[in-house]
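Enquirer:
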Amino acid sequence: MTDLSIPFLEQQERELVLPSFDLAAAWRLGSLIIERALAADAGVAVDIRRGDHILFRAMLPGTTVDQQDWIRKKAAVVHRFEASSALVALRLADVDVEGLGWLDARDYALTGGSFPIRVTGTGVVGAVTASGLTSEEDHLLVTDGIREYLASLSE
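48 is the number of the first residue of the sequence shown in my numbering; add one for each residue after it.
(1) In chain order, what residues of the same chain have a beta carbon less than 7 Å from the beta carbon of valine 124, not counting five sequence neighbours either side?
(2) Between which two residues does the beta strand (DSSP E) harbouring leucine 102 extend?
(3) How should leucine 180 be labelled, buried or exposed, when 16 other C-beta atoms within 10 angstroms of its C-beta is the threshold for buried?
(4) Should alanine 92 be labelled buried (16 or more other beta-carbon atoms within 10 Å of its own) or exposed?
(5) Could you pull the start and end residues of the beta strand (DSSP E) that aspartate 94 belongs to?
(6) Have a look at serine 182 and glycine 146 and give me their C-alpha separation to the nearest angstrom.
This is the structure in structure tokens:
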């Protein structure tokens, strides 16, 4: 099992940076992640978006309409903080963010599964999100997919 600690997650964010990103890249990345999920027989939904613009979405058997809401909330965390939802969840673990009025639970989910699409020289341009597995499994499905996508660019 992977240790999803703050240092580990911060290192992932430094490493998983794309050289560029467009609609074709969204399709390739999303398709690659879905292929990984299918191979693992994982009932998961995968979404890639730029703000509210959905660039890729697939729902595999075993998912429900609830995954769409989880995806929206996890991606909102990435867009607000420009960090993975897993990293933000750990950083804010001891803070009553809802009680302080920082993050409304109707709009944000502090749980793993959404990761920023960061482009060299540009910064965060979107989010890749998975929902349907455990928080850690969602996160790892996405980050392993991004890592595989990056490796495919150098082939």
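In this text, a Cβ means the ideal position worked out from N, Cα and C, and glycines have one as well.
Expert: Looking at the atomic coordinates:
(1) Position 77 of the sequence shown holds residue 124. Result list for valine 124: Ser132, Val135, Tyr155, Ala156, Leu157 and Ser161, in chain order.
(2) As a first step, residue 102 is located in the sequence shown; it is residue number 55 there, counting from the start. For leucine 102, the enclosing beta strand (DSSP E) has its first and last residue at 100-106.
(3) Position 133 of the sequence shown, counted from the start, is the residue given in the question as residue 180. Buried: at least 16 other Cβ atoms inside 10 Å.
(4) Numbered from 1 along the sequence shown, position 45 holds the residue referred to as residue 92. Buried is the call here.
(5) Taking the first residue of the sequence shown as position 1, residue 94 is located at position 47. For aspartate 94, the uninterrupted beta strand (DSSP E) run begins and ends at 92-97, by DSSP.
(6) Position 135 of the sequence shown, counted from the start, is the residue given in the question as residue 182. Position 99 of the sequence shown, counted from the start, is the residue given in the question as residue 146. Near 23 Å, if we compare the C-alpha coordinates of glycine 146 and serine 182.
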